[in-house]
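Visitor: Pasting a structure here, questions to come.
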Amino acid sequence: MALSDHVNLDQFMAGLKRRNPHETEFHQAVYEVAANVFDYINDKEIYHEQQILRRIAEPDRIIVFRVCWEDDKGNIRVNRGYRVQNNNAIGPYKGGLRFHPSVNLSILKFLAFEQTFKNSLTGLPMGGAKGGSDFNIKGKSDNEVMRFCQSFMDELYRHVGDDVDVPAGDIGVGAREIGYLFGKYKRLTNRFAGVLTGKGMEYGGSPTRVEATGYGAVYMMEDMLERVDSHIDGKTCLVSGAGNVAQYATEKLIHLGGNVVTMSDSSGFIYDRDGIDKDKLSFIVDLKTRRRHSLENYAKEYKAEFHPGKRPWQVPCDLAFPCATQNEISREEAQTLIGNGCIGVSEGANMPTEQEGIKDFVKAKVLFAPSKAANAGGVAISGLEMSQNSARITWREEELQSLLRNIMREIHDKCVEYGAARGSDYVDYVRGANIAGFKKVADAMIAYGVV
Ligand code: NDP
43 MALSDHVNLD
53 QFMAGLKRRN
63 PHETEFHQAV
73 YEVAANVFDY
83 INDKEIYHEQ
93 QILRRIAEPD
103 RIIVFRVCWE
113 DDKGNIRVNR
123 GYRVQNNNAI
133 GPYKGGLRFH
143 PSVNLSILKF
153 LAFEQTFKNS
163 LTGLPMGGAK
173 GGSDFNIKGK
183 SDNEVMRFCQ
193 SFMDELYRHV
203 GDDVDVPAGD
213 IGVGAREIGY
223 LFGKYKRLTN
233 RFAGVLTGKG
243 MEYGGSPTRV
253 EATGYGAVYM
263 MEDMLERVDS
273 HIDGKTCLVS
283 GAGNVAQYAT
293 EKLIHLGGNV
303 VTMSDSSGFI
313 YDRDGIDKDK
323 LSFIVDLKTR
333 RRHSLENYAK
343 EYKAEFHPGK
353 RPWQVPCDLA
363 FPCATQNEIS
373 REEAQTLIGN
383 GCIGVSEGAN
393 MPTEQEGIKD
403 FVKAKVLFAP
413 SKAANAGGVA
423 ISGLEMSQNS
433 ARITWREEEL
443 QSLLRNIMRE
453 IHDKCVEYGA
463 ARGSDYVDYV
473 RGANIAGFKK
483 VADAMIAYGV
493 V
């Protein structure tokens, strides 16, 4: 087939939208990758001929199931469970479970698609998947959460395995939920296998896993700044979110001399002009005991501003770290950040910036690390948790911290290799991450033939 006969980006996206109607988040994630990949493969016949992108954008398998559980009052409750196994060309499926009322197939397909490229970028042998449920963890007792997790695993155990698919945590799924899920898996199969990551240290967890995503997003920023002879020390930083990723991003920023002035959650955001220090951070959440205070209480305690129902992006800053959820920086907010002099954005959350906002950041030459590169530290340590489980050993914390630092540097360097613009110093990290992530998966798929 002559190159001119190939579908172009618009035709590809039109087909994708026709086959996956109403799945707007999925369309958004695929477009972001396809725009760069189409440009890259323009003169590379084999990727067209083998329909590689079309194949990666069609999940290998989607499992949807009923999750019945009983609440504390004896009522039968019904939720929907999902596992999207997107692609296992370079290793067993790997990706988190999200328990949140907003969960639907479009969101999980976008996350599983993204995960495929992110896992490839880590350099470790992991395919891409994602799963979860529309279960709302908020307001549930421990026993209710346990019963829900056990019922969820009653079906999921058939589809996962240490060499098949290894889920982990995500929004709403932390150490407690992983414990309940793993306990049920072990009971059902009579196997003690590394089938989940993010486990407790007592039963096969890895040092550094809990910090890895937040730390990694900060390391990515450190490397981007270093390339332009700058650093985090003394820079004013905005962080959104107050969960796992946000807490550890904030901790690392404080450690490196950054002045973090905001954090947020679904109630709104705090603006502390004096900066959040280690003690203040442990008021929001004690990283050891996981005890949390509300952001409103923080504002009262430390005389900070509390902005209910708002996001922090209007606050002037040098660096921004969106660490809450998808599409939390709109195009207008991206423009506000640029207008206020923001020079760097590192995405701790998955796809937190709207598509047009990303284009504006790149156009304005903001150092912009997309989530598939910036937050890959978490899954990288999960990959190393799988290795430790297979070998039945636990590595030392210092060793893992240093591996995390190196993996993030390698991801940064891959983005530079594929994202450096000709005739300019600027690196388009979005393009770099998309192409580097795509190439490894695509080449493995070509090696397998049409399967
Ligand atoms: P958590 O559940 O620990 O924290 C999420 C935080 O974001 C909470 O503060 C939550 O507020 C806030 N939040 C969630 N939804 C909204 C919303 N719609 N509006 C405003 N605030 C919101 O999750 P994580 O920190 O683990 O995950 C955060 C992001 O990072 C997600 O996009 C996740 O996919 C991504 N990620 C996480 C990894 C990990 O290792 N944990 C790995 C890679 C990516 P509230 O508590 O009020 O709901």
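Using my numbering, read the sequence shown as starting at 43 and increasing by one per residue. Every residue, glycine too, gets a C-beta built ideally from N, C-alpha and C. Quick caveat, the model's predicted, so the values are computed rather than measured.
Measuring alpha carbon to alpha carbon, tell me which residue in K182, L230 and S175 is nearest D26.
Guide: Residue 26 is absent from the model: the chain starts at 43 and stops at 493.
Visitor: Since I believe V126 is in contact with K151 (beta carbons under 8 Å), could you give me their beta-carbon distance rounded to a whole number of angstroms?
Guide: That pair is a contact at about 6 Å.
Visitor: Quick check on this structure: which residue in M188, H335 and A77 has the alpha carbon closest to the alpha carbon of I312?
Guide: I312 has its Cα closest to that of H335, out of M188, H335 and A77.
Visitor: Considering only C-alpha positions, which residue in the set M266, G285 and I132 is nearest to A462?
Guide: Minimum Cα distance to A462 is reached at M266.
Visitor: By Cβ distance, which residues of its chain are closer than 7 Å to A44, with the 5 residues on each side in sequence left out?
Guide: Any answer about A44 is weak, because its pLDDT of 45 lies below 50 and its placement is not dependable; what the coordinates show is given next. Counting only Cβ-Cβ distances below 7 Å, and skipping sequence neighbours, we find nothing.
Visitor: Where DSSP assigns a beta bridge to A462, which residues make up the other side?
Guide: V469.
Visitor: Nearest by alpha-carbon distance to R122: which of E67, P249, M305 and D176 is it?
Guide: Looking at the Cα atoms, D176 is the closest of the given residues.
Visitor: Going by other Cβ atoms of all chains shown within 10 Å of its Cβ, with 16 needed for buried, is R140 buried or exposed?
Guide: R140 is buried by the Cβ-count criterion.
Visitor: Looking at A284 and V327, is the spacing between their C-beta atoms short of 8 Å?
Guide: Result yes, Cβ atoms of V327 and A284 sit closer than 8 Å.
Visitor: Determine, using beta-carbon pairs with one atom in the region 423-439 and one in the region 202-210, whether at least three such pairs fall under 8 Å.
Guide: Short answer: they touch.
Visitor: Under DSSP, the beta strand (DSSP E) around Q397 begins and ends at which residues?
Guide: From DSSP, Q397 is part of no beta strand (DSSP E) but of the alpha helix (DSSP H) over Q397 to K405.
Visitor: Using the Cα positions of G246 and V252, report the straight-line distance between them to the nearest angstrom.
Guide: About 14 Å.
Visitor: Please classify D207: does DSSP put it in a helix, a strand, or coil?
Guide: Three-state result, D207: strand.
Visitor: With distances taken from CA atoms, which of I132, S148 and D360 is nearest P63?
Guide: For the residues I132, S148 and D360, the minimum Cα distance to P63 belongs to S148.
Visitor: Going straight from the alpha carbon of L51 to that of N146, what length do you get?
Guide: C-alpha separation (whole angstroms): 26 Å.
Visitor: When you compare each of A484, G474 and G491 to N78 by their alpha carbons, which one comes out closest?
Guide: Of A484, G474 and G491, the residue nearest in Cα terms is G474.
Visitor: On a Cα-Cα basis, can you pick out the residue from F68, L329 and G181 that is closest to P101?
Guide: Comparing Cα positions, the closest option is F68.
Visitor: Could you work out which residue in D275, G276 and Y290 is closest to S282 when comparing CA atoms only?
Guide: Among D275, G276 and Y290, the Cα nearest to that of S282 belongs to Y290.
Visitor: Using 8 Å as the threshold, is the region 414-421 in touch with the region 453-467, meaning 3 or more CB pairs across them?
Guide: Segments in contact, yes.
Visitor: Within 8 Å, do at least three Cβ pairs link the region 375-389 to the region 404-413?
Guide: In short, these stretches touch, since the Cβ pair count reaches three.
Visitor: Per DSSP, L409 is paired with what?
Guide: Partner(s): G386.
Visitor: Do the region 297-304 and the region 352-365 make contact, defined as three or more Cβ pairs closer than 8 Å?
Guide: The region 297-304 is in contact with the region 352-365.
Visitor: Please find out if some non-hydrogen atom of the ligand NDP comes closer than 7 Å to the beta-carbon of Q356.
Guide: Q356: no, Cβ never under 7 Å from the ligand NDP.
Visitor: Does the ligand NDP have even one heavy atom less than 7 Å from the beta-carbon of T304?
Guide: No, since every heavy atom of the ligand NDP falls outside the 7 Å radius drawn around the Cβ of T304.
Visitor: On the three-state DSSP scale, how would you describe V72?
Guide: DSSP places V72 in helix when its eight states are reduced to three.
Visitor: What residues does the ligand NDP have around it, judged by CB closer than 5 Å to any heavy atom, in chain order?
Guide: Working through the chain, the matches are D212, I213, T255, G283, A284, G285, N286, V287, D307, S308, A366, T367, A391, N392, N417 and G420.
Visitor: Can the beta-carbon of D114 be found less than 8 Å from the beta-carbon of S183?
Guide: Yes, Cβ-Cβ distance for D114 and S183 is below 8 Å.
Visitor: In chain order, what residues of the same chain lie with their CB nearer than 8 Å to the CB of F54, ignoring the 5 residues before and after it?
Guide: Once the five neighbours on either side are set aside, the close Cβ partners of F54 are A76, F80, L95 and R96.
Visitor: Using the Cβ count rule (16 or more neighbours within 10 Å means buried), how would you classify M243?
Guide: So M243 ends up on the exposed side.
Visitor: Say whether the region 334-348 touches the region 365-385, bearing in mind that this needs 3 or more beta-carbon pairs closer than 8 Å, one atom from each stretch.
Guide: No, the region 334-348 does not touch the region 365-385.
Visitor: Applying the 10 Å Cβ sphere with the 16-neighbour rule, what's the burial state of T250?
Guide: With 16 or more other Cβ atoms within 10 Å, it is buried.
Visitor: Can you tell me the Cβ-Cβ gap for G419 and A254, rounded? I've got them flagged as a contact below 8 Å.
Guide: So it is a contact: roughly 4 Å between Cβ atoms.
Visitor: In the structure shown, what three-state DSSP assignment does A486 receive?
Guide: A486: helix per DSSP, three-state reduction.
Visitor: Output the distance between the C-alpha atoms of G256 and N178, rounded to the nearest integer angstrom.
Guide: Approximately 24 Å, taken between the alpha carbons.
Visitor: Roughly how many angstroms separate the alpha carbons of Q157 and K136, rounded to a whole number?
Guide: Distance between the alpha carbons of Q157 and K136 is about 8 Å.
Visitor: Just verifying my parser: in three-state terms, what is the DSSP assignment at F177?
Guide: Here F177 sits in coil by DSSP.
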